[in-house]
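These notes concern the structure reproduced below.
Next comes the structure, spelled out in structure tokens:
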């Protein structure tokens, strides 16, 4: 797949690696200083083109915990089908949740970026923040200006100059402006790597209570993993040992079986082939007939609606019906549709159970999780 050039000169895309070294996987225990810097940059409203009159920050499209009347809280997502730019233009993509985004090997819905740093930098100095292609140099200058001169606007009140010195040992004032902009992108990428799911859904409690493996082994084929789950179901049901956490209804349990079922003639969701635990994503690209898009994770779906790459599914039922249509398209060998969709074999009767199971993937936090571990139906 052709990758997008983030900044005009190709060398600039490598600047962050030269400044900081190669990126690592999700950081285990981020320092308080990095958390503070990340929080400040994530909410910074001055990176966008101030001439647009519409303020944009990472936290605008990837809100956390915020809610509006009649809507649920957000989990690093917004409420709109597709996000707005600082120019008040509608993008083509729904805002993806950022939790555990660092598990991916390519970034963006269509995998257009080879690194998180590339993606963040493209947002900061590109159309998302109101900078057209011919304005990208101005966007870099603006990002540098914010870090060098506008630190007093940071949430923490600590100047960015001091924060970058503490976190990275960087003297921003000694760097060329493109490298200062790249430093902002790297810090935001590092902060994003600290965002992760809590793994405290009722599904997690259910899996622990019944000793279901909560994720496949390294390099394990998904069909083998699905077979192991089905075998465990057969074993537990045969001895009447299935235990369901409070609120994990019988119908949701049927949805769980459909989700993991890969070997049968009906109610075969085969969802686990692409929606791989523990985040319920393989982070791979799959053809939909309208392009290749990354499998989204399925945790906290009640806080990330609407769904799909273009936000076209307002509800979970809509999203499931879209997959049913993709199954038909794959069966008819429609060009550009991943044949894996053809392995889905579900009917209208399977929709409600699947929806209820997907709701069991909403996380409840550590305190409430303990409740579900000891209270079951």
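In the working numbering, the protein residues as written are 11 to 387.
Ideal Cβ placement from N, Cα and C applies to all residues, glycine included.
By the criterion of at least three beta-carbon pairs nearer than 8 Å, the region 127 to 142 is not in contact with the region 78 to 90. Proximity to residue 353 across 377, 191, 284, 310 peaks at 284, based on C-alpha coordinates. Closest option to residue 245, judged by alpha-carbon separation, among 221, 196, 319: 221. Going by C-alpha positions, residue 169 is about 8 Å away from residue 157. Rounded to the nearest whole angstrom, the C-alpha separation of residue 338 and residue 356 is 11 Å. Counting C-beta pairs with one atom in each stretch, the region 376 to 386 and the region 264 to 273 have fewer than three that are closer than 8 Å, which means they do not touch. By alpha-carbon distance to residue 295, the top candidate from 122, 238, 95, 311 is 122. In the DSSP assignment, residue 73 forms a beta bridge with 87. With fewer than 16 other Cβ atoms inside 10 Å of its own Cβ, residue 381 counts as exposed.
Cα atoms of residue 248 and residue 258: separation of roughly 20 Å, rounded to the nearest angstrom. Residue nearest to residue 209 within the set 65, 41, 143, 370 is 370 (criterion: CA-CA distance).
Look at residue 332 here: in three-state DSSP terms it is helix. Secondary structure at residue 374: coil, using DSSP grouped into helix, strand and coil. For residue 139 against residue 59, the beta-carbon gap comes to about 6 Å, under 8 Å, which counts as contact. Between the beta-carbon of residue 387 and that of residue 254 there is about 5 Å, and that keeps the pair under the 8 Å contact cut. For the options 297, 203, 188, 153, the alpha carbon positioned closest to that of residue 44 is the one of 203. Out of 240, 310, 311, the CA that lies nearest to the CA of residue 280 is found in 240.
Counting of Cβ neighbours within 10 angstroms places residue 39 among the exposed residues, the total staying below 16. Between the region 184 to 199 and the region 137 to 155 there are three or more inter-stretch CB-CB distances shorter than 8 Å, so the stretches are counted as touching.
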